Amino acid sequence: MRPYLIAPSILAADFARLGEEVDKVLAAGADVVHFDVMDNHYVPNLTFGPMICQALRKHGVTADIDVHLMVKPVDSLVPAFAKAGASMITFHPEASEHVDRTLQLIKEHGCKAGLVLNPATPLSYLDYVMDKLDIIMLMSVNPGFGGQSFIPQTLQKLAQVRKIIDESGLDIRLEVDGGVKVDNIAEIAAAGADMFVAGSAIFGQPDYQAVINQMREELAK
Ligand code: DX5
Ligand code: ZN
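Below, the structure written as structure tokens:
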């Protein structure tokens, strides 16, 4: 398996000091910036769009930006996020009219592409598109809010997806999003995840480096 990636979700950052917060978390050893886009339609909350992503790039952020689209429709935002500096774009298949087309659109715009499956979304959405995926992300909470508890059934689902990825022989990241903390990251990794989104667990602590170090220690066990 490839090196583990820790992706802090800026949903839990102080928006009034977003540039500083992102600098701080990257200096603390984060690998990727997770960027939660909510539209008050696909999910009952509203966050930020391409302009904020672009502002982070302009601020000097060079790390990968992992744009998690919780929006419906999806396609209209893809070119704007690619232009704004997204490195990866993931979306929920239920929110796209044509999943294969959306994946192609993301790739045509030079970004890595991925599907996000909610806790109750079946794995059959992966059928027929595996060759177009760079990332499969499993939601371990229902999307829309930070600070929720990890849904334990996700562990079994992660193990199933890990098997599907390994059997495919394809180079696909298995990302997990929601309720990831120092005290559960080891078992989540053992179930097969190799990329970890954590919002409140990191930004909710005064010392980001200490949390990220603790997460890496857990991952090394
Ligand atoms: C939820 C978002 C998550 C969320 C994770 O819809 O996709 O990225 O911010 O937050 P925590 O780590 O606080 O559960
Ligand atoms: Zn997310």
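Heads up: the sequence shown at position 132 corresponds to 1193 in this note's numbering, and the numbers run straight through without jumps.
Cβ atoms here follow ideal geometry from the backbone N, Cα and C, with glycine treated the same way.
Note that the coordinates shown come from a computational prediction; the quantities given were computed from them, not determined experimentally.
Look at the alpha carbon of residue i and the alpha carbon of residue j, and state the distance between them as a whole number of angstroms.
i: residue 1212; j: residue 1121; result: 36 Å
i: residue 1105; j: residue 1098; result: 12 Å
i: residue 1162; j: residue 1190; result: 10 Å
i: residue 1070; j: residue 1222; result: 23 Å
i: residue 1274; j: residue 1090; result: 8 Å
i: residue 1231; j: residue 1192; result: 7 Å
i: residue 1196; j: residue 1217; result: 18 Å
i: residue 1116; j: residue 1077; result: 13 Å
i: residue 1136; j: residue 1168; result: 12 Å
i: residue 1266; j: residue 1243; result: 12 Å
i: residue 1229; j: residue 1158; result: 26 Å
Determine the DSSP secondary structure at residue i, reduced to helix, strand or coil.
i: residue 1223; result: helix
i: residue 1233; result: coil
i: residue 1110; result: coil
i: residue 1068; result: strand
i: residue 1264; result: helix
i: residue 1181; result: coil
Less than 8 Å separating the beta-carbons of residue i and residue j?
i: residue 1187; j: residue 1176; result: yes
i: residue 1262; j: residue 1272; result: yes
i: residue 1279; j: residue 1247; result: yes
i: residue 1257; j: residue 1241; result: yes
i: residue 1174; j: residue 1164; result: yes
i: residue 1092; j: residue 1073; result: no
i: residue 1140; j: residue 1102; result: no
i: residue 1194; j: residue 1233; result: yes
Grab me the residues of residue i's own chain with a C-beta within less than 7 Å of its C-beta, minus the 5 sequence neighbours each way, in chain order.
i: residue 1200; result: 1177, 1178, 1179, 1180, 1238, 1239
i: residue 1075; result: 1082
i: residue 1245; result: 1211
i: residue 1172; result: 1143, 1147, 1148, 1149, 1150
i: residue 1269; result: 1085, 1086, 1089, 1263
Which residues in the same chain as residue i place their Cβ atom closer than 8 Å to its Cβ, once the five residues preceding and following it in sequence are excluded?
i: residue 1114; result: 1096, 1126, 1128, 1142, 1145, 1146, 1147
i: residue 1100; result: 1107, 1131, 1132, 1133
i: residue 1184; result: 1178, 1218, 1221, 1222, 1225
Tell me which same chain residues have a C-beta within less than 6 Å of the C-beta of residue i, skipping the five on either side of it?
i: residue 1254; result: 1219, 1235, 1237
i: residue 1111; result: 1141, 1142, 1145
Determine the closest residue to residue i out of the options, with distance taken between C-alpha atoms.
i: residue 1094; options: 1066, 1119, 1103; result: 1066
i: residue 1214; options: 1124, 1203, 1197; result: 1203
i: residue 1153; options: 1198, 1112, 1169; result: 1198
i: residue 1124; options: 1112, 1085, 1159; result: 1085
i: residue 1109; options: 1205, 1194, 1087; result: 1205
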